[in-house]
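In terms of the working numbering, the sequence shown opens at residue 2 and continues consecutively.
Below is one structure; the comments refer to it alone.
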Amino acid sequence: MSRTCPENTPSPSRGAASYDGRVAFGSVEDVESALAADSYLADRGLATAIYLALAMRRPLLLEGEAGVGKTEVAKTLARLLGADLIRLQCYEGIDSAQALYEWDYARQLLYARALQAGEVRDHVAELYGPEFLIERPLLRALRAGSHAVLLIDEIDRADDEFEAFLLEVLSDFSVTVPELGTITADEPPVVIVTSNRTRELHDALKRRCLYHWIDFPDVDREAEIVRLRAPEVPERLARSVAEAIARLRDADLIKPPGAAEAIDWARALALLGAEAAVGEPALQTLGWAVKNRDDLDAAEAALGASA
């Protein structure tokens, strides 16, 4: 079951303002229907969070285990809104220059050499003009505004300093470039922030976002997801895979499988002609569902006990 903050939010009524007028999500039901039409099955809580984030023009922070579909939310919204998906993949050691902008030093050097030595001093300011600025994801998204979906993926992998750097972007949709001044989005982009919760995020970042936790789907929804994303998989096999995945998640694995693994596993079993996720076919293809060596023994035991 997914959880959204604030809790107990009443369903918005039809006719509420859409994000930017290009795509009308008049209700939570509209969001659910649009996502489903694009092969993303969202429960009521997630659809409500997306609707409110769009209507209120606030970043949406999605947390949950790896593989529950957090990143796919941003990809799907970009398609539905006809917007550019601009992805900032976070990692340990990422800094503001890699996320915001860099100067094209090679072009600056060529430009300086093209000027006569005596004139360079008079043209120093030109070396830091917009034509020499290399946009990184954050700056590109702010300049694109409502024509972009900005995905800040796996923010928990970045360090505290980078998380603090993002606060200006998430609160004011602006950044400061010392040589050019403050750049503010005319219309804010859609912002999706994801975290696998490998560490706790700071309250300052959470306060700037609508927060939603995405849980693993139950067996019925998982089977439905498999059938939607892999229509070549027979219904009986999809159900069997969903049940097997549920058992694996209960087996206290280091890395429990997500929906993406369930889909891949079902496709692999279908290619082998298997009718269910049991016996030798299940064990031989277990590497599609379990991606940790220490988990394999526990996974095999869980599947063997249910065979």
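In this text, a Cβ means the ideal position worked out from N, Cα and C, and glycines have one as well.
{"query": "Verify the contact flag: Leu152, CB atom, against every heavy atom of the ligand FMN, threshold strictly below 7 Å.", "result": "Summarising the ligand content, the structure contains no ligands, and the ligand FMN is consequently not present."}
{"query": "Can you tell me whether DSSP reads Gly280 as helix, strand or coil?", "result": "helix"}
{"query": "Go through the segment 55-110 residue by residue and report every complete run of the alpha helix (DSSP H) that reaches 4 residues or more, in order.", "result": "71-82 and 97-100"}
{"query": "Nearest-angstrom Cα distance between Glu236 and Ala252?", "result": "25 Å"}
{"query": "How would you label Asp96, buried or exposed, when you count the other beta carbons within 10 angstroms and need 16 or more for buried?", "result": "exposed"}
{"query": "From the DSSP secondary-structure annotation, give me the bridge partner or partners of Ala310.", "result": "Nothing can be reported for residue 310: it is not among the residues displayed for the chain, which extend from 2 to 308."}
{"query": "Looking at C-alpha atoms only, which residue of His148, Phe166 and Glu164 is the closest neighbour of Asp85?", "result": "His148"}
{"query": "Looking at the structure shown, is Glu155 part of a helix, part of a strand, or coil, going by DSSP?", "result": "coil"}
{"query": "Taking all protein chains shown into account, do 16 or more other C-beta atoms lie within 10 angstroms of the C-beta of Glu358, making it buried, or fewer, making it exposed?", "result": "For residue 358 there is no data in the structure shown, the boundaries of the chain being 2 and 308."}
{"query": "If I measure Cβ to Cβ from Ala303 and keep anything under 8 Å in the same chain, skipping five residues before and after, which residues do I get?", "result": "Arg248, Leu249, Asp251 and Ala252"}
{"query": "Determine the direct distance from the alpha carbon of Arg158 to that of Glu319, and round the result to whole angstroms.", "result": "Since the first residue of the chain shown is 2 and the last is 308, residue 319 is not available in this structure."}
{"query": "By DSSP, does Thr49 sit in helix, in strand, or in coil?", "result": "helix"}
{"query": "Nearest-angstrom Cα distance between Gly182 and Arg228?", "result": "51 Å"}
{"query": "Would DSSP call Ile184 helix, strand or coil?", "result": "strand"}
{"query": "According to the Cβ coordinates, are Lys256 and Lys292 closer than 8 Å?", "result": "yes"}
{"query": "Take Arg198 as the anchor and find which of Gly46, Ile51, Gly65 and Asp39 has the nearest alpha-carbon.", "result": "Gly65"}
{"query": "Count Cβ pairs between the segment 63-80 and the segment 163-176 that sit closer than 8 Å; are there 3 or more?", "result": "no"}
{"query": "Taking only three categories from DSSP, how would you classify Ile255?", "result": "coil"}
{"query": "Between Asp216, Val242 and Pro218, which lies nearest to Gly280 when the distance is taken from Cα to Cα?", "result": "Val242"}
{"query": "Could you tell me the boundaries of the beta strand (DSSP E) in which Asp196 lies?", "result": "According to the sequence provided, residue 196 is Ser. The question's Asp does not apply to it. Residues Val191 to Ser196."}
{"query": "Among Phe163, Tyr92, Gln285 and Gly259, which has the Cα closest to the Cα of Glu155?", "result": "Tyr92"}
{"query": "For Ser175, write down the residues that DSSP places opposite it in a beta bridge.", "result": "Thr185"}
{"query": "Buried or exposed: Pro190, going by 16 or more other Cβ atoms within 10 Å of its Cβ?", "result": "buried"}
{"query": "Which term fits Asp187, buried or exposed, when burial requires 16 or more other beta carbons within 10 angstroms of its beta carbon?", "result": "exposed"}
{"query": "Identify which residue in Ala224, Gly259, Arg240 and Asp160 has its Cα closest to the Cα of Thr72.", "result": "Gly259"}
{"query": "Is the separation between the beta-carbon of Val32 and that of Ile215 shorter than 8 Å?", "result": "no"}
{"query": "In the structure shown, what three-state DSSP assignment does Asp161 receive?", "result": "helix"}
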